[in-house]
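J.: 271 is the number that full-length UniProt numbering gives to position 271 of the sequence shown; each next residue is one higher, with no gaps.
Pasting in a structure now, in structure tokens, and then I'll have a few things to ask.
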Amino acid sequence: MVKGINFVSLLYHSQGLTLPVGYVLVEKTEVYVDQKSGQRKRRSQVSKNEHARYLLQTAVHNQIPFQHVLNDVWLASAANMRFIVLDMKKHFVMPLKSNRKVAPGYRHRRYALCAPPMSQEQQQRGQWTGVEGLDYQDPTPRQVYLEGVPFPLLRVRQVFTHEDGSQGVLYLCSSDTTLDFERMIELYQKRWEIERFHQSIRQNAALAKSPTKTLTTQANHFFAAMWAFVKLELLSHQTQINYFALKAKLYLVASRAAFQELQQIKAQLTA
């Protein structure tokens, strides 16, 4: 999310190239009263999960070739998981909140996508526990059943170190039961391209600096910023120069041209 602008976007990443293939501007048209603060607020009538499913469905309709869907924890709902696997026939790698309920399954084996689903009766008999309470001493992916999801998943835990030296923990799950630990981590690392995308459209495409006031002009500016990112990404990919180096190079050339023009004007005035 970009401050002041609510949108849901879908990126396609392949062979080192990252391109936006869909986005939805969130319109908060419904007014409600917050029960805690008593203040009037606005919200969208369509949830971000519904927007995400629409974008994925559109990508499949447009025949964009992909195998795995990657997203953050806020979109790791059971409904999204069922939609990706059962409706779209794709796989996903998603993080889970530590309190998500799972039933331990068997040791990692190569299950097919159409593995026998866990019945409601089996789920009710299962011993549900928080995902953080599972045994992670062995890094080998283990099969689990997630509450509300009728097919088996693989789960792993990734421990990483922040820039300040503190440690963080990521609980990952995937519907692709052919993955090993290294491959699952490698796949999910590609999700961080979305952070680079958000940073670039703010700093290099001036997304949040538009003076527009109406919905139409704001939407037009948003599209222009997206198109600017696409052109910049293609140029960066072709030249193997990152966004900020390209930006600095263009500014340097522009500054030199402006200085030369200024010198010519001064010379004409003194002639």
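From the three backbone atoms N, C-alpha and C, an ideal C-beta is built for every residue, glycine too.
All of these numbers come straight from a predicted model, not from anything done at the bench.
What residue range is occupied by the uninterrupted beta strand (DSSP E) comprising THR161?
T.: Counting along the chain, the beta strand (DSSP E) containing THR161 begins and ends at 153-161.
J.: Any contact between the region 41-49 and the region 250-270? By contact I mean 3 or more CB pairs, one from each, below 8 Å.
T.: Taking 8 Å as the limit for Cβ pairs, the verdict is that the region 250-270 does not touch the region 41-49.
J.: On the three-state DSSP scale, how would you describe ARG82?
T.: DSSP places ARG82 in helix when its eight states are reduced to three.
J.: Closer than 7 Å by C-beta to SER77: which residues in its own chain qualify, once you throw out the five before and the five after it? Chain order, please.
T.: Hits under 7 Å: ASN49.
J.: So, with DSSP's three-state summary, where would you put ARG100?
T.: Coil, per DSSP.
J.: How should GLU233 be labelled, buried or exposed, when 16 other C-beta atoms within 10 angstroms of its C-beta is the threshold for buried?
T.: Buried, because 16 or more other Cβ atoms sit within 10 Å of the Cβ of GLU233.
J.: Please report the straight-line C-alpha distance between LEU172 and SER37, rounded to a whole angstrom.
T.: Approximately 35 Å between the Cα atoms of the pair.
J.: Mapping DSSP to helix, strand and coil, what is MET94?
T.: Note: MET94 maps to strand in three-state DSSP.
J.: Cα-Cα, which of LEU25, THR58, MET94 and VAL21 is closest to LYS190?
T.: Comparing Cα positions, the closest option is MET94.
J.: Under the rule that 16 or more other beta-carbon atoms within 10 Å means buried, what is PHE83, buried or exposed?
T.: PHE83 is buried by the Cβ-count criterion.
J.: Would you give the residue range spanned by the alpha helix (DSSP H) that THR217 belongs to?
T.: Where THR217 is concerned, the enclosing alpha helix (DSSP H) stretches over 215-239.
J.: So, are the CB atoms of LEU70 and LEU10 less than 8 Å apart?
T.: Cβ distance not < 8 Å, so LEU70 and LEU10 don't count as in contact.
J.: Do the region 131-140 and the region 62-69 make contact, defined as three or more Cβ pairs closer than 8 Å?
T.: The region 131-140, when compared against the region 62-69, does not touch it at the 8 Å Cβ threshold.
J.: I'd like to know whether the C-beta atoms of SER174 and LEU153 end up nearer to each other than 8 Å.
T.: Yes. Within cutoff.
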